[in-house]
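The numbering used here numbers the first residue of the sequence shown as 390 and each following residue consecutively.
Even glycine gets a Cβ: it sits at the ideal position worked out from N, Cα and C.
Owing to the predicted nature of the structure, the values given are computational and were not obtained by experimental measurement.
Since the structure comes first, as structure tokens, the remarks are kept for the end.
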Amino acid sequence: NATAWYNAGWVRLEHLNDLEQAHADFDKAYRLLPGYHQAVFNRGVANERLGRLDSAAADYREALDLKPDFELAALGLQRLSDQGVRVGAP
Numbered sequence: 390n391a392t393a394w395y396n397a398g399w400v401r402l403e404h405l406n407d408l409e410q411a412h413a414d415f416d417k418a419y420r421l422l423p424g425y426h427q428a429v430f431n432r433g434v435a436n437e438r439l440g441r442l443d444s445a446a447a448d449y450r451e452a453l454d455l456k457p458d459f460e461l462a463a464l465g466l467q468r469l470s471d472q473g474v475r476v477g478a479p
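Here you go:
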């Protein structure tokens, strides 16, 4: 179930620093429950920590598309923009 994959991803992301597996877990959660804005956002966090900044920006944009008032995703985009990453729609 999507929540189980999300929770596994959270543990891997925040406690185990297993970024690749966290990314995969959040991706599974999002595929199981399209519209799960927290899952796509945290996939973006994993991408950002892995240095995949363009992918992180795309995930943060997608999270904002799903939930326009999702402040964490907006902050993620701002952080990337401050680093010179193009954050506008492709």
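Report the rounded CA-to-CA distance for residue i versus residue j, giving the unit in angstroms.
i, j, result
"Gly440", "Ala418", "22 Å"
"Leu469", "Val400", "24 Å"
"Gln427", "Asp471", "23 Å"
"Ala462", "Arg450", "7 Å"
"Val434", "Glu403", "10 Å"
"Gly398", "Glu460", "21 Å"
Quick one: give me the first and last residue of the alpha helix (DSSP H) that residue i is part of.
i, result
"Glu403", "Counting along the chain, Glu403 falls outside any alpha helix (DSSP H), and DSSP gives it neither H nor E."
"Lys417", "Leu408 to Leu421"
Is the separation between the beta-carbon of residue i and that of residue j shorter than 8 Å?
i, j, result
"Leu442", "Ala391", "no"
"Val476", "Leu464", "no"
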